[in-house]
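For any residue, its number in the numbering used here is found by taking its place in the sequence shown, counting from 1, and adding 445. In what follows, a single structure is set out as structure tokens and then discussed.
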Amino acid sequence: MEMPDHEATYDVIFVFGPPVPNKEKNLPPTLLAPSHKILCLENIFQENPSFGLRDIALLTVTNLKQHNQVLLIDDFRLRATRDSLIKIISRKIPSCRVQLVQVLPLYGYQQLMWQWQFAYAEGYTTVLKDESIVKNWFDMSTDNIDYESGYVEKPSEDEKLNKVTVNYPLEIETAYKLSIPVLFIQWQSELFNNEENKLQLMTLCSKWIFHYTVGRVIFICDSFRKTGDVSFEFFKVKEFIKWLTLKINTPVYAAQLDPLSSQGSFCLPPSPGIIAFLCQRHSLNLQSKGTCYIYETNDHMQMAQSAGIRNIKMSTFINSCDIFTTLQMLGATPAVPKFLRRIKVQETSLNACSKLFVPFYEQRLAITDGCYTQICPQGIQEHIFVQDLDTFCKYQKEFVNQIQSRSTRSDAKNCKTKPLMAERLASSDQILPIWMKPKIRSESSGDTLKRKHTASLESHYRSSKTVYFLTESELMEAANNVLVQADEDQNV
């Protein structure tokens, strides 16, 4: 029979790799035919529990006969699974061309788990039921795929298929860059039972939000794991944060960890799953100079550090006189993981993206008694506390104004930069900023003689040296990145 007429592509693609949401999105467009059909094996088996590999193979053949390229989405970690499917398909269609694409995270296990949390925050509903399935793919000492344990069988040269490897970075889709500073606060009921502590925290939060008008104040609540009383613990959380919102006149968020989460879950400290989830939900800039994690216990400190967030102990924070002096004294940001330094931000149209709403703004009419709660797929409960709807609407309006004004400034910079670059390249008298010009010093007569003597020696003993240049486009890109970061920190 005739196969689909896509000479540059293969008829069947096995998408190999550890489970990740929307795995097919990481495939290069050059591998895909104009007409292709995606078959996700996990979904098919859930919908049809009686299905086996033979049924998958026959379903593949049916789609091939309809002149579709077929993408088979699964982990395909065992060679026996791959061989069985290829054998049945080839028996039906001997001329079928098969390709195996290894879709692997560029930075290993941590990056993959962050991608899962990003997907949950975007509304992805298929839950990773057992995190050990992902962990088994990796050698945790090197963060590479573990082909030695026997859990995953490495594709070999004698398999009858073409092999391609795609390494993808951590990716996030947003209408603007991750730019919102955040003040994370670990909830500790015994601390906030103290009236003096409450008032001092209120004062510091008020100063912080005055400076970062659309920044987020987010409480992380997991102390009920020690007390065991979820309902009573949340009652105390609710009462305190409602009091705080009245005092600082801005919405406050809280994230409550699922008490049923198993120990070692990526959402429980010291793992940073909860931070990853909130980062995507709120488009947070975790390395902003205004971002800080106020912790009380070591597991929360370790969680902040693993995400590259500056952190300070609660007692130090509460006793500080000036929050901004304290933040400056924290010094350098902890080491930021590579996958966060090289995160790929996929920007969408400002007008088309619902991200122009702060979280829960679309549910504002459902807020009762100053609070609204949402349970997320992986068990995290997210709450918002507001003084009243007018305050929330004002916060939303300020947020939109800042995002749109930043976008306008960015567009203006780009428009001005591009035509000027050619002029500067052609100009012989380019005007450099002061910091790029060589320093001019007055010299004494002794210095002048010394310089002449040195020049004489240099002309006698010629030495080679390497000089590295940046092209103007590279220099402009670096400068723009610095200016954009400074602009975000000052204007958010």
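Using N, Cα and C, we set each Cβ at its ideal position, and we do this for glycine too.
| query | result |
| --- | --- |
| Can you tell me whether residue 494 is buried or exposed, with buried defined as 16 or more other CB within 10 angstroms of its CB? | exposed |
| Quick one: using the 10 Å Cβ neighbour count with 16 as the cut-off for buried, is residue 624 buried or exposed? | buried |
| If contact is defined by three or more beta carbon pairs under 8 angstroms, each pair taking one atom from either stretch, is the region 549 to 568 in contact with the region 718 to 726? | yes |
| Counting C-beta neighbours from all protein chains within 10 Å, is the total for residue 462 16 or more, i.e. buried, or is it exposed? | buried |
| Helix, strand or coil: which one does DSSP assign to residue 450? | Residue placement at residue 450 is flagged as unreliable, the pLDDT there being 49, under the threshold of 50; the coordinate-derived value follows with that caveat. DSSP places residue 450 in coil when its eight states are reduced to three. |
| Which one or two residues does DSSP pair with residue 737 in a beta bridge? | 628 |
| Assess, as a yes-or-no matter, whether the region 654 to 669 is touched by the region 733 to 746 under the definition of 3 or more beta carbon pairs within less than 8 angstroms. | yes |
| What separation, rounded to the nearest whole angstrom, lies between the Cα atoms of residue 460 and residue 517? | 6 angstroms |
| Could you tell me the distance, in whole angstroms, from the CA atom of residue 638 to the CA atom of residue 803? | 30 angstroms |
| On a Cα-Cα basis, can you pick out the residue from 583, 664, 632, 526 that is closest to residue 600? | 526 |
| By the three-class DSSP mapping on this structure, what secondary structure does residue 876 have? | Since pLDDT at residue 876 reaches only 46, below the 50 mark, its modelled position is unreliable, and the value read off the structure follows with that caveat. Reduced to three states, the DSSP call for residue 876 is coil. |
| At the level of alpha carbons, what is the spacing between residue 677 and residue 721? | 27 angstroms |
| Which residue or residues does DSSP assign as beta-bridge partners of residue 483? | 516 |
| Would residue 837 be called buried (16 or more neighbouring beta carbons within 10 Å of its own) or exposed? | buried |
| First and last residue of the alpha helix (DSSP H) that includes residue 787? | No alpha helix (DSSP H) contains residue 787, which DSSP labels as neither H nor E. |
| Taking the runs of the beta strand (DSSP E) that are 3 residues or longer, which of them lie wholly in the region 500 to 572? | 514 to 518, 543 to 550 |
| Pairs of beta-carbons, one from the region 813 to 827 and one from the region 692 to 706, closer than 8 angstroms: are there three or more? | yes |
| Alpha carbon to alpha carbon, how far is residue 831 from residue 613? | 39 angstroms |
| Can you give the beta carbon distance from residue 482 to residue 508, rounded, assuming they're within the 8 angstroms contact cut? | 5 angstroms |
| Residues in its own chain within less than 6 angstroms of residue 805 by CB, not counting five upstream and five downstream? | 817, 829 |
| Measuring only the C-alpha atoms, how far is residue 471 from residue 920? | 31 angstroms |
| For residue 502, count neighbouring C-beta atoms within 10 Å of its own C-beta (all shown protein chains included) and say buried if the count is 16 or more, exposed if not. | buried |
| Apart from the five residues just before and just after residue 683, which ones in its own chain have a Cβ nearer than 7 angstroms to its Cβ? | 816 |
| Please classify residue 644 as buried or exposed, where buried requires at least 16 neighbouring CB atoms within 10 angstroms. | exposed |
| Note the first and the last residue of the continuous beta strand (DSSP E) segment covering residue 758. | 756 to 758 |
| Compare the C-alpha of residue 661 against each of 478, 737, 687 and name the closest. | 737 |
| How should residue 680 be labelled, buried or exposed, when 16 other C-beta atoms within 10 angstroms of its C-beta is the threshold for buried? | exposed |
| Determine the DSSP secondary structure at residue 617, reduced to helix, strand or coil. | strand |
| Tell me, which residues are paired with residue 819 by DSSP? | 827 |
| Secondary structure at residue 894, three-state DSSP: helix, strand or coil? | Low confidence applies to residue 894: its pLDDT is 49, below 50, so where it sits in the model is not reliable, and the reading given next is rough at best. Residue 894 falls in the helix class under three-state DSSP. |
| Looking only at C-alpha atoms, which of 765, 454, 475 sits nearest to residue 512? | 454 |
| For residue 701, which beta-bridge partners are listed by DSSP? | 666, 826 |
| Helix, strand or coil for residue 837, going by three-state DSSP, please let me know. | helix |
| Exposed or buried, residue 850, counting other C-beta atoms within 10 Å across all chains shown (16 or more means buried)? | exposed |
| By the three-class DSSP mapping on this structure, what secondary structure does residue 903 have? | Note that residue 903 scores a pLDDT of 46, beneath 50, so its modelled location is shaky; the value from the coordinates is reported in the next line. Three-state DSSP puts residue 903 in a helix. |
| So, with DSSP's three-state summary, where would you put residue 475? | helix |
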